[in-house]
Amino acid sequence: MKKNILITGATSGIGEAAARIFAANNYNIIITGRRQDRLEKLAEELRSNHNAEVLPLCFDVRDKSEVQKNIASLQGNWATIDVLLNNAGLASGLGPIQGGELDDWEKMIDTNIKGLLYVTRAVTPLMIARNSGHIINIASVAGKEVYPNGNVYCATKHAVDALSRSMRIDLLPHGIKVTNIAPGLVETEFSVVRFHGDKERADNVYKGYQPLTADDIADAIWYAASRPAHFCVNDMVLTPLAQANAYVVKKD
Ligand code: NDP
Ligand code: 8X3
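For the sequence shown, my numbering gives the first residue as 9, with consecutive numbering after it.
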């Protein structure tokens with residue numbers, strides 16, 4: 009029987025790359041995000057390239073009733089979620105705390121922390137009922153240490169790191185694995201979103217060294233998900249060779 013994965017934020021970057029690698033490895037995929045057109049395009053691609061069953065669900069993780077409604081709508085085999093990839097997230101802005109935009113802060117807190125919690129709260133009872141499952145949280149090196157002007161984004165990713173450790177304790181009696189993945193610089197739409205659509209500024213983030221790709225992270229996610237039942241990958245920190253920690257990067 010094929011396994012199912014639910015991926016939040018599958019319309020771009022790491023989530024989209026993860027959808028491809030799981031589909032290629034015989035999983036059925038629930039892909040989610042806010043951009044319906046991208047969900048439909050990806051669903052078509054996964055169905056035709058990998059013969060995967062794909063269920064696109066369009067919702068905003070910040071809307072708790074939408075999250076509950078969409079998870080409650082899962083019927084039949086789709087109600088079995090073997091792997092939950094909590095990936096949806098963003099940075100919005102980069103600047104000192106004293107000049108921070110409250111709207112940016114709320115967007116990051118509501119998406120990266122509260123959204124991840126809403127989805128986890130809705131999915132864990134389904135896993136507990138089967139005494140089986142795997143939750144993979146995409147945190148960041150920004151969840152391991154802070155960097156200049158990263159303040160609120162770093163705080164949200166520290167929260168994800170703490171939640172991964174808490175979930176691993178709480179879900180231990182139920183046979184559910186929890187993996188935290190902490191990437192460094194990965195070239196996706198992340199920086200375009202962080203800089204509110206300023207593509208030139210976003211491109212500069214990845215100049216002068218070779219950043220990681222979404223496929224690199226998807227590969228690590230697949231590694232964690234494909235270990236045997238007795239083996240839980242707790243935490244992975246992944247950076248480009250040029251990156252020593254959250255704020256030391258060697259550029260040409
Ligand atoms: P992208 O911007 O390429 O992808 C972000 C994904 O999150 C999109 O699919 C987007 O979908 C989804 N998303 C954002 N907000 C919401 C929301 N409110 N509701 C539902 N989905 C949402 O960035 P990445 O792939 O790089 O980011 C994925 C994760 O990886 C994030 O959690 C990010 O913090 C983390 N990360 C990224 C790093 C990097 O350098 N790129 C490094 C470390 C961690 P849509 O807009 O359609 O809703
Ligand atoms: C994304 C990586 O270094 O831009 O979490 O914060 S970084």
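Heads up, the beta-carbon is just placed ideally off N, CA and C, and yes, glycines get one too. Note that the coordinates shown come from a computational prediction; the quantities given were computed from them, not determined experimentally.
Determine the contact status of residue i and residue j, defining contact as a CB-CB distance below 9 Å.
| i | j | result |
| --- | --- | --- |
| Asp223 | Ile37 | no |
| Ser172 | Ala147 | yes |
| Lys10 | Val91 | no |
| Ala254 | Gly158 | yes |
| Ile184 | Ala25 | no |
| Ala210 | Ser199 | yes |
| Thr40 | Ala18 | yes |
| Val69 | Leu124 | yes |
| Met135 | Ile143 | yes |
| Glu127 | Ala96 | For the sequence presented, residue 127 should be read as Val rather than Glu. Closer than 9 Å, so yes. |
| Asn120 | Val168 | yes |
| Leu246 | Ala233 | no |
| Leu179 | Gly141 | yes |
| Leu102 | Phe203 | yes |
| Asn212 | His182 | no |
Excluding five sequence neighbours on each side, which residues of the same chain lie with their C-beta closer than 7 Å to the C-beta of residue i?
| i | result |
| --- | --- |
| Pro219 | Leu193, Val194, Glu195 and Pro248 |
| Met116 | Leu98, Ala99, Ser100, Val160, Tyr161 and Thr164 |
| Val104 | The sequence given here places Pro at residue 104; Val does not occur at that position. Within the same chain, Pro104 has close Cβ partners Asn157. |
| His58 | Ala31 and Ala32 |
| Ala27 | Ile15, Ala18, Ile37, Ile39, Leu50 and Leu54 |
| Ser73 | none |
| Leu65 | Ile38, Thr40 and Asn78 |
| Gln76 | Ala130 |
| Trp86 | Asn12, Ile38 and Leu63 |
For residue i, which residues of its own chain have a beta-carbon under 6 Å away from its beta-carbon, when the five flanking residues on both sides are left out?
| i | result |
| --- | --- |
| Gly216 | Lys259 and Asp260 |
| Val62 | Ile37, Ala51, Leu54 and Arg55 |
| Leu14 | Ile38, Ile89 and Leu92 |
| Val154 | Cys162 |
| Phe67 | Glu74 and Asn78 |
| Met244 | Ile189 and Ala228 |
| Glu197 | Ser20 and Gly21 |
| Glu109 | Gly101 |
| Tyr35 | Lys11 and Ile13 |
| His166 | Gly151 |
| Trp230 | Ile29 |
| Arg43 | Thr19 |
In terms of DSSP beta bridges, what is residue i paired with?
| i | result |
| --- | --- |
| Pro191 | Leu246 |
| Ile29 | DSSP, once it has assigned bridges, lists no residue as partnering Ile29. |
| Leu220 | Val194 |
| Leu14 | Ile38 and Leu92 |
| Val257 | Gln251 |
With 16 other CB atoms within 10 Å as the buried threshold, where does residue i fall?
| i | result |
| --- | --- |
| Arg129 | exposed |
| Ala80 | exposed |
| Asn94 | buried |
| Pro236 | exposed |
| Asp45 | exposed |
| Ala252 | exposed |
| Ser20 | buried |
| Ile177 | exposed |
| His238 | exposed |
| Val186 | buried |
| Gly23 | buried |
| Asp206 | exposed |
| Asp112 | buried |
| Leu47 | buried |
Next item on the list: May I have a chain-ordered list of the alpha helix (DSSP H) segments no shorter than 4 residues that lie completely inside the stretch 36-114?
Entry: Complete alpha helix (DSSP H) runs here, min 4: 44-58 and 72-80.
Check: Going along the chain, which unbroken runs of the alpha helix (DSSP H) with 4 or more residues stay wholly within the stretch 130-209?
Finding: The qualifying runs are 159-179 and 198-202.
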